[in-house]
Amino acid sequence: MAYAILGEFEIRHENRSLELPRGHALTLFAVLLLNANRRMTKADLMRCVWGRSDVKEDQLPKHIGTIREFLDKIGRKGDLVTHHRFGYEIQVAEEDLDLLTFERFVRQAASARSEQRTDDEVSSLWAALGMWRGPHSMPNVRTQEFRGHLEQLELRRQRAAIRLFDLEIARGRYEHLVSEASMLTEQYPMSTKLHEQLLVVLYRSGHLREATVAYERHVAMLGEEMGAAPTPALRDLHYAIVREDDEAIASVETAIAHRAGVEKRDAKTGVTAVPRQLPPDSVDFVGREDLVAEVTWLLGREQANSAPVVVITGQGGIGKSSFALRTAHLLASRYPHGQLFARLSDARGRPMDTGEIVAQFLRAFEVIAVPESTAERISTFRTLLSDRRVLLVLDDAHSGAQIRDLIPAGSGCGVLVTSRRRLPDVPGAHHVAPLSPLSPAQATELFLTIVRSAGITLRNETTAVDQVVSLCGGLPLALRIAAALRVHDHPRPTSELVRRLSEQGPDAFAYGELNLARTIGAGVNQLDEDSRRLFFGLGLLPLPTFGHWTAAALQDHLGADPGAALSRLAASAMVDVMEVEVRYRFHDLTRSYAFERGMVEHPNENARRAQLIAVYAALLTLVRRAHMSLYDGDFEVVHSAVTAWEAPSQVLSEIDQAPLDWFEKERMNIRAAVQHCAELGLSDLCWDLAVSAHEFYTVRSYFDDWYTTHVTALRACRIAGDSRGEGAVLACLGQPALVASRRADGVSDVAELRRAVHLLTECGDRHGQAIALRTLANALRRHGRLTEASAAFSEALEHYEASGDTVGRWQSLRYLGQTHLDRAEYAKALGVLLEAEDIALIIGKSRLIAQTRYWTGQAHLTLGSVAEARAAFNSMLAEDGDTTGLARGYALHGLGVVALREGDTKRSQTLLEEAAGIARSEADGILEGRVCLSTAELFAEQGVPKRQIAELELAAARFAECRATHLQAAALNAMARALDQDEDAVRRISARIDALYAEADLPAEDRITG
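Structural data, given as structure tokens:
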């Protein structure tokens, strides 16, 4: 954008703002741009500049000459055109003047409106408003004589904003409007429509006080400026907000939607998540303006049948990712439903699994129940994007096959891909010209920008700077490293950097990948010995990120001061600083270089292996510590014989203060470490890392991580013949939370869990035997083998008591109580559950207390103690404090049944509906099935048999998905009772129950009848 007048008048050339002409020449320039591509008579120009047309004849040509001289300096002299004996004109392309771009977006919005393409209209209006850089046009120019022109321009801005806000309010997208609507009402305090919209937006976003402040400010301004009062409609809206009258406010929103010509969309059913995953734009990006414009055009144009795909190619270190992000940020406003970003290579440069990438994208849209198979994930992803405008940035693709399944089918999305090679097997992909090295002028600008950002000026070292730039060969990564070294070396002169780079050989910057390696090497060779060794040690690790503990774990082998060495690496730009908590990562290219050089620096395989073991043993120690911090003890887990690492106190303190936060930061490192340990044959480290993290996966519902790490560990144990590890992993793969996530295959069932018990018994691991027995008992209970399950829970309880595992005792008692409930032994169930509750209170963890009280509440309900049940369920809400998660879902289910028992069917229905929604969003099939059973009972009470049967069918289906045989049978029996007047239906259901029992081979005493 060369000319900018929507905000301060600014002219830019080669990415810098120019000093403007002054006085009347500046005003004349502004008037011409305000009327760009339109001929202006001399008389009109004089009236706009001087306020009259009887100005001396030579004044206008004099100032035109000043403007022409200014434009000539930046190569745009041809923009100013003289029309003989008539006047003058500025001729510019739309993309060179923000006003013309604004008007183009407004026209596009109008066209979309006429064709009822609401999403496109909204996107265009957002883009139009985004062209404004300030509250008013050209505050730095004397505009009194043509103020009317500017007022008309700002009126067009207001109309665009009002139309956009109407549409967004109708779509229920309130949070997206708070900032923009607040800003515009401050700029236009007299606008009634803008204030009406702002009040609705603030109310719906929960900002009631701010709504009142905005209204009172509007009232005050009306009184001061016009001596007027607010309209009755706005006054009524304010009263409704004060009273929190949802019905009245909804009627205002309906009127707004009617004014917009669209249907009002409930916010709950609209777009619930708009991912903004783009990493920050590079503030020092230089050059390549033409290519940026080409890609922006390619991804911004309308395409009839398919999403446009643009591929950026070039050698390593040439700046493909920075280029893609610059372009993506420029395009972001055209894709209002989100921007997705994914690196398609892992830490070692290997291609990432497409199914995992799609799963990450689905989770970004808050799809919690991510399908298991890759095909289903792709189908869900394409369905999700079918009517949305989303930009996908796929970084470092290996092949066309890797990205084909990531391309949306609809034409509303756009895909930007970076790759080291062309991808001819991607249908319809447009390959722009490969990125070439920066010109000497651009390379110098990049180098100096980075150095100046550190407060260092190199005005007196021009020759040395030119030499550094020449040695870097125009590669952005080499230039960034060279600039970082110069900053690190300060105040030593730049000539020293030239000398050091030259000693490594200028030819090192001349050819392809070798060029990049020598560029990185120039930085590495300037590091001190400790930092160099740490760099190569980190390079051998496939961990995505690292921090102080990683360096400390290498210390014994490297002899380095971990904190100081890491800081020196960051200061030399050899590692990237990720966040405030001081975590680091390699640039992908730097990691590849560090790995290859690390293999050379550490040729002894045994020494490399020892180094890796040290890091993974350190990570295991920290994972164990985090697990202990969750329960104030090492409960519900067994460990290998790997010796604990003596971790730095500050690392342990961080874990103890917030174990879940620490787990979150290290989550991907744990997954990568499990995989690498399996590859190295380190089965003890592998399975211990996996099982020690399983409780974190439970709490945060990371079922993909849980499953993947444990299946990897199981394979490693079987290859190594590690029977104890195999037993521990099999037990974890059968945990109820993982099974309830409805993963179809791979979780441990009865046969696998019997093997787990056998293996751990043979190893003499009584604690592990307890865990496996309790997990086996759960599987038996799930399959309806209640008698055997009860005995297994009791045996597990004995082993837990002998092992001193308090949490394990609590778990066993809770599940034993649930089994008594399943067997209709209600009084016995209550006694056992109250004992479990006492243990949970002693442990003092709110999650454990809440889980227990759900079942004590259920036991009270079976015994007719409704008041006691209500107290138990209410205490769950008070104890857990979670307003959205599973604990709330279970509590609401219980309270819904209590309301039903008390005859309050309306309240019961409200509570059960919310509980069902939570169960679905948290992917808990068992809870969803239980809520369906209770809802069926509610519909029976209300006399709606069809809905009752539908809920029972749904309950049976959910229990079948979770392989909960006894619950599925209970749902089918309830259905038979509900249809007792229909003999044929009862016979069919009885046949289903018989088939279910036959398949499960249940003993007679465990079969639910009638």
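Going by the numbering used here, the sequence shown opens with residue 77, and the numbers climb by one from there.
Glycine included, each C-beta is placed from N, C-alpha and C at the ideal position.
Residue Pro1021 holds the alpha-carbon nearest to the alpha-carbon of Gln1057 among Arg280, Leu1030, Arg98, Pro1021. Residue burial annotation: Leu736 is exposed, with fewer than 16 other C-beta atoms found within 10 angstroms of its C-beta. Restricting attention to alpha helix (DSSP H) runs no shorter than 4 residues, the segment 887 to 946 encloses them at 902 to 919, 922 to 938, ordered along the chain. Nearest neighbour of Phe241 by Cα position, chosen from Met259, His159, Leu226, turns out to be Met259. The segment 260 to 276 makes no contact with the segment 218 to 227, as fewer than three CB pairs between them are under 8 Å. For Tyr164, the enclosing beta strand (DSSP E) stretches over residues 163 to 166.
Beta-bridge annotation (DSSP): Met116 is paired with Tyr164. For Ala558, the closest of Thr538, Arg535, Leu522, Leu511 by C-alpha to C-alpha distance is Leu522. Remark: fewer than three beta-carbon pairs, one from each stretch, lie closer than 8 Å, so the segment 413 to 420 and the segment 533 to 551 are not flagged as touching.
Within the DSSP secondary-structure output, Pro427 pairs in a beta bridge with Ser421. DSSP, reduced to helix, strand and coil, places Asp472 within a strand of the structure shown. Fewer than three Cβ pairs drawn from the segment 883 to 900 and the segment 1050 to 1069 lie within less than 8 Å of each other, which leaves the two stretches out of contact. Two segments are said to touch when three or more pairs of C-beta atoms, one from each, lie closer than 8 Å; by this definition the segment 437 to 450 does not touch the segment 389 to 399. In the structure shown, Phe622 adopts extended strand secondary structure according to DSSP, grouped into three states. Sorting Glu1027, His507, Leu756 by C-alpha distance to the C-alpha of Asn682 places Leu756 at the top. In the DSSP assignment, the residues bridged to Ile87 are Tyr79.
Gln934 counts as buried, since no fewer than 16 other beta carbons sit within 10 angstroms of its beta carbon. The alpha carbon of Ile332 has as its nearest neighbour, out of His271, Gln985, Arg556, Ala1033, the alpha carbon of His271.
Per DSSP, Val371 has no beta bridge partner at all. A residue is called buried once 16 or more other Cβ atoms fall within 10 Å of its Cβ, and Ala967 is buried on that count.
The Cβ atoms of Leu551 and Arg562 do not sit closer than 9 Å to each other.
Every alpha helix (DSSP H) of 4 residues or more that sits fully in the segment 945 to 1032 is shown, in chain order, as 962 to 977, 981 to 997, 1001 to 1018.
Distances from the alpha-carbon of Arg842 to those of Arg923, Glu712, Ala855, Trp763 put Glu712 closest.
For the pair Ser475 and Arg458, the Cα-to-Cα distance works out to about 20 Å. Looking only at Ala1052, Ala827, Lys741, Ala832, the smallest Cα-Cα distance to Arg776 is reached by Lys741. In the structure shown, the three-state DSSP call for Thr784 is helix. The three-state secondary structure of Gly393, taken from DSSP, is coil. Shown here, Ile532 sits in coil according to DSSP, grouped into three states, outside any helix or strand. By the CB criterion at 9 Å, His896 and Ser866 fall inside the cutoff.
A direct Cα-Cα distance of roughly 7 Å separates Thr719 from Ala693.
Looking only at Ala324, Val371, Ser267, the smallest Cα-Cα distance to Ala304 is reached by Ser267. With the rule of 3 Cβ pairs closer than 8 Å, the segment 1028 to 1044 counts as touching the segment 855 to 865.
Residues Gly393 of the same chain have their beta carbon placed closer than 6 Å to that of Leu553, with the five preceding and five following residues left out of the count.
Leu889 is classed as buried because its beta carbon has at least 16 other beta carbons within 10 Å across all chains shown. In this model, Ile1025 and Ala1012 are separated by some 7 Å (Cα to Cα). The three-state secondary structure of Val545, taken from DSSP, is helix.
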